[in-house]
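Per the working numbering, residue 635 is the first one in the sequence shown, and the count goes up by one each step.
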Amino acid sequence: MTEFFEGWSGNNDDDEDIEETVETVETVTTTTTRKTRKNVPSEPTSSTTKTTTMTTPAKLYGRELSAYDEVDVDELLAKLSQEELTMLAKEVDPDDNFLPPSQRNNYACEKDPTGPLNRKKLIEHINKQALETPDRPEVKPYVAGVVRGKKWIPPPPPEKIREADEQITIDLGDEYETALTAATQEEIIDLAAILGFHSMMNQDQYHASLLNKGQPVGLGWDGITKATKPKIYPMDPPNDTDPEQTISRVKDNDQSFLDLNWNNIKNISDEKIEKLFEGLKTNTHLEVLSLVNVGLNDRTAQLLADALEANSTLRVVNVETNFISPAGVVQLVKALLTTNTVEEFRASNQRSQVLGNKTEMEITRLVEQNPTLLRLGLHLEYSDARHRVASHLQRNIDRNCRLQKRATTSLSLRLPRGRPPAVGVDSSFFNLTPPSAETTTPTCERRINDKPICEPVLDVPNGTDRFVRAQPPDIHPEPHSTERPNAATSVQIL
């Protein structure tokens, strides 16, 4: 900077050289601008290619930054005029603590300095002047415990506007007022229990009022609240189901055997479990299968998945609290898609408490493909999977309700009116099965006066409804007979 100012204070010839240099700089700037205009059309636009700041090199005035590495800054500054240097100084703010403040900021004072700057001596002078300057004389001397001047008192807080409670008068009548005035504390507690004011009493007072046992002594509103002793309940008896007997009944396809419960049976061998799953493949009557805490693993879970693919009557499957891995749970959920008859599936509390994101998304995808599943017992950690599964199960429940309501409404509209006597409907019709239930066929085994009459049938294959229509029988009873024909046997299929 010193050399620059020395060169600046030269004669007029130097000024002419500087002016010529400025003209040269302007010529170079014009040439650069023309080159930039020529290169703009050839550059790809943002609509054709996608570029990022990490891959595109930075440019300054149309040239890359590496082109300015060999530029001599002192030479460029020496070619600038005083006005250009002033403009440059306003845009540049050097971060140097050893420079005086007038050179570190945009200083607008044009006065000449009074002398050379010595920062060290200036700081010493400021500190010395601060120590030698006497304090202001105190008007009132300091005395301990005496407040000098005015003491600050905080303003009072604004008063909250309190709305006056409206006085509501209720005229209960002389009879009720006399009864409530003369009522004892126990009677008021009984009245509160009847009206459902549970916050006015504890649990013992509430149950004593309902059972009319009288209030316990010392448990009034003014008494001391005592802890209630927990009630002791007997332990649940062990499961006395005979595995061998149930296996034989499953294999024999017993019509009366609908619910199999092996919950909490200890020491069940894998051979027995394999025999059970082999029998499930051919069973057509079992509806509920509960295998909670029986030691199922991935190998037996694969056998269960094969049985679920072959069985078409199971509605509830419960395999909670076992040793099935997340991959085994996925296989079980996938097996439910083969027959689409299981309405409730539970498999929580397995060997791995956390299934993982990939497993939960796979289970969610499989559940969304199942049109008959109504309840799912699994612990899903991610909210997306929980929301999607819950939404799909709700849609299945709504669809099932619509089918039942539509079938019931259609049947009620098709029932005949007046004589002959109203035709009844088999009670099993109202226990509708989901759309994927096994299709039944009409049978003509019942007879009236040696004429076959078909049984009522509800056939709902592949989500389509086929409703039944009741018609009066062709044969009427004798006039003096009190017997009526079996009206439920005169239902025909549409």
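All C-beta atoms in this analysis are idealised placements derived from N, C-alpha and C, irrespective of residue type, glycine included.
Beta bridge counterpart(s) of residue 1011 as assigned by DSSP:
Position 377 of the sequence shown holds residue 1011. In DSSP, residue 1011 forms a bridge with 980.
Count the CB pairs spanning the region 1037 to 1048 and the region 1003 to 1021 that are closer than 8 Å, and state whether there are at least three.
no
Compute the Euclidean distance between the alpha carbons of residue 1078 and residue 921, then round it to the nearest angstrom.
Within the sequence shown, numbered from 1, the residue matching residue 1078 stands at position 444. Within the sequence shown, numbered from 1, the residue matching residue 921 stands at position 287. Residue confidence is low: residue 1078 scores 42 on pLDDT, short of 50, so the model does not pin down where it sits. Its coordinate-derived value is still stated next. Whole-angstrom Cα-Cα distance: 27 Å.
Kindly list the residues whose CB is nearer than 7 Å to the CB of residue 991, restricted to its own chain and excluding five residues on each side of it in sequence; keep chain order.
Numbered from 1 along the sequence shown, position 357 holds the residue referred to as residue 991. Here the set comprises 1016.
Endpoints, the alpha helix (DSSP H) within which residue 910 is located
The residue you call residue 910 lines up with position 276 of the sequence shown. Residue 910 -> alpha helix (DSSP H) spans 904 to 914.
I'd like to know whether the C-beta atoms of residue 967 and residue 923 end up nearer to each other than 7 Å.
Looking up residue 967 in the sequence shown gives position 333. Looking up residue 923 in the sequence shown gives position 289. No, Cβ-Cβ distance for residue 967 and residue 923 is not below 7 Å.
Residue 698 - DSSP class collapsed to helix/strand/coil:
Taking the first residue of the sequence shown as 1, we reach residue 698 at position 64. If DSSP states are grouped into helix, strand and coil, residue 698 belongs with the strands.
State the start and end residues of the unbroken beta strand (DSSP E) segment that holds residue 952.
Stepping through the sequence shown from its first residue, residue 952 is reached at position 318. Per DSSP, residue 952 belongs to the beta strand (DSSP E) from 950 to 952.
Between which two residues does the beta strand (DSSP E) holding residue 923 run?
The residue you call residue 923 lines up with position 289 of the sequence shown. Note, residue 923: beta strand (DSSP E), 922 to 924.
Mind checking which residues open and close the alpha helix (DSSP H) that includes residue 917?
By one-based count along the sequence shown, residue 917 stands at place 283. Per DSSP, residue 917 belongs to no alpha helix (DSSP H) and is neither H nor E.
Specify, as a first and last residue, the run of the alpha helix (DSSP H) that residue 708 falls within.
Against the sequence shown, residue 708 aligns to sequence position 74. Run containing residue 708: 707 to 712, per the alpha helix (DSSP H) assignment.
Among 1020, 1008, 1037, 833, which one has its Cα closest to the Cα of residue 1028?
Mapped onto the sequence shown, residue 1028 falls at position 394. Cα-wise, what sits closest to residue 1028 is 1008.
State the Cα-Cα distance for the pair residue 739 and residue 720, rounded to the nearest angstrom.
Numbered from its first residue, the sequence shown carries residue 739 at position 105. Numbered from its first residue, the sequence shown carries residue 720 at position 86. Whole-angstrom Cα-Cα distance: 12 Å.
For residue 753, which residues of its own chain have a beta-carbon under 8 Å away from its beta-carbon, when the five flanking residues on both sides are left out?
To locate residue 753, count along the sequence shown from 1; it is residue 119. Hits under 8 Å: 732, 734.
Start and end of the beta strand (DSSP E) containing residue 893?
Here residue 893 refers to the residue found at position 259 of the sequence shown. Residue 893 -> beta strand (DSSP E) spans 893 to 895.
Are the CB atoms of residue 895 and residue 918 nearer to each other than 7 Å?
The residue given as residue 895 occupies position 261 in the sequence shown. The residue given as residue 918 occupies position 284 in the sequence shown. Not closer than 7 Å, so no.
Identify which residue in 995, 961, 1006, 957 has its Cα closest to the Cα of residue 971.
For the purposes of this step, residue 971 is taken as the residue at position 337 of the sequence shown. For residue 971, the nearest C-alpha among the options comes from 1006.
Whole-Å CB distance - residue 956 paired with residue 936, under 8 Å assumed:
Here residue 956 refers to the residue found at position 322 when the sequence shown is read from its first residue. Here residue 936 refers to the residue found at position 302 when the sequence shown is read from its first residue. Their Cβ separation, rounded to whole angstroms, is 13 Å, which puts residue 956 and residue 936 out of contact at 8 Å.
To the nearest angstrom, how far is it from the Cα of residue 729 to the Cα of residue 757?
The residue you call residue 729 lines up with position 95 of the sequence shown. The residue you call residue 757 lines up with position 123 of the sequence shown. Cα to Cα, the separation comes out at about 20 Å.
Residues in the same chain with beta-carbon distance under 8 Å from residue 828, minus the five sequence neighbours each way, listed in chain order, please.
Here residue 828 refers to the residue found at position 194 of the sequence shown. Counting only Cβ-Cβ distances below 8 Å, and skipping sequence neighbours, we find 843.
Meets three-Cβ-pair contact criterion under 8 Å: the region 893 to 911 and the region 931 to 950
yes
Below 7 Å CB to CB, which residues in the same chain sit around residue 1023 once its five sequence neighbours on both sides are set aside?
By 1-based counting over the sequence shown, the position of residue 1023 is 389. Once the five neighbours on either side are set aside, the close Cβ partners of residue 1023 are 998, 1001, 1010, 1014.
Using CA atoms only, rank isn't needed, just tell me which of 697, 944, 694 is closest to residue 912.
For the purposes of this step, residue 912 is identified with residue 278 of the sequence shown, where counting begins at 1. Residue 912 has its Cα closest to that of 944, out of 697, 944, 694.
Look up residue 693 in the DSSP assignment and give the residues it is bridged to.
As a first step, residue 693 must be located in the sequence shown, where it is residue number 59. According to DSSP, residue 693 bridges with 698.
Would a C-beta distance cut-off of 7 Å place residue 969 and residue 942 closer than the cut-off?
Residue numbering aside, residue 969 sits at position 335 when the sequence shown is read from its first letter. Residue numbering aside, residue 942 sits at position 308 when the sequence shown is read from its first letter. Yes, they are a contact pair.
DSSP state of residue 1065 mapped onto helix, strand, coil:
In the sequence shown, counting from the first residue as 1, residue 1065 sits at position 431. Its pLDDT being 43, under 50, residue 1065 is placed unreliably by the model, and the measurement read from it follows with that caveat. Of the three classes helix, strand and coil, the one that applies to residue 1065 here is coil, per DSSP.
Report yes if the CB atom of residue 930 is closer than 7 Å to the CB atom of residue 976, and no otherwise.
For the purposes of this step, residue 930 is taken as residue 296 along the sequence shown, with counting starting at 1. For the purposes of this step, residue 976 is taken as residue 342 along the sequence shown, with counting starting at 1. Not a contact, by the Cβ cut-off of 7 Å.
Under the three-state reduction of DSSP, which class applies to residue 778: helix, strand or coil?
As a working mapping, residue 778 is identified with position 144 in the sequence shown. Reduced to three states, the DSSP call for residue 778 is coil.
I need the straight-line Cα distance from residue 870 to residue 1033, nearest angstrom please.
For this step, residue 870 is matched to residue 236 along the sequence shown. For this step, residue 1033 is matched to residue 399 along the sequence shown. Those two C-alpha atoms are separated by around 38 Å.
How many Å lie between residue 837 and residue 826 at the Cα?
For the purposes of this step, residue 837 is identified with residue 203 of the sequence shown, where counting begins at 1. For the purposes of this step, residue 826 is identified with residue 192 of the sequence shown, where counting begins at 1. Looking at the two C-alpha atoms, the distance is approximately 12 Å.
How far does the alpha helix (DSSP H) with residue 843 in it reach, from first residue to last?
Taking the first residue of the sequence shown as 1, we reach residue 843 at position 209. Residue 843 -> alpha helix (DSSP H) spans 837 to 845.
I need the straight-line Cα distance from residue 786 to residue 772, nearest angstrom please.
Within the sequence shown, residue 786 is the residue found at index 152, counting from 1. Within the sequence shown, residue 772 is the residue found at index 138, counting from 1. Near 20 Å, if we compare the C-alpha coordinates of residue 772 and residue 786.
Kindly list the residues whose CB is nearer than 7 Å to the CB of residue 1004, restricted to its own chain and excluding five residues on each side of it in sequence; keep chain order.
Residue 1004 sits at position 370 when you count from the first residue of the sequence shown. For residue 1004, where only same-chain residues beyond five positions count, the Cβ hits under 7 Å are 970, 971, 974.
Excluding sequence positions up to five away, which residues of its chain have a Cβ less than 6 Å from the Cβ of residue 925?
Mapped onto the sequence shown, residue 925 falls at position 291. For residue 925, where only same-chain residues beyond five positions count, the Cβ hits under 6 Å are 896, 953.
When the Cα atoms are used, what is the spatial distance from residue 768 to residue 746?
By 1-based counting over the sequence shown, the position of residue 768 is 134. By 1-based counting over the sequence shown, the position of residue 746 is 112. Each residue's Cα considered, the two are about 32 Å apart.
Start and end residues, alpha helix (DSSP H) containing residue 770
The residue labelled residue 770 in the question sits at position 136 within the sequence shown. That residue, residue 770, is in no alpha helix (DSSP H); it is neither H nor E in DSSP.
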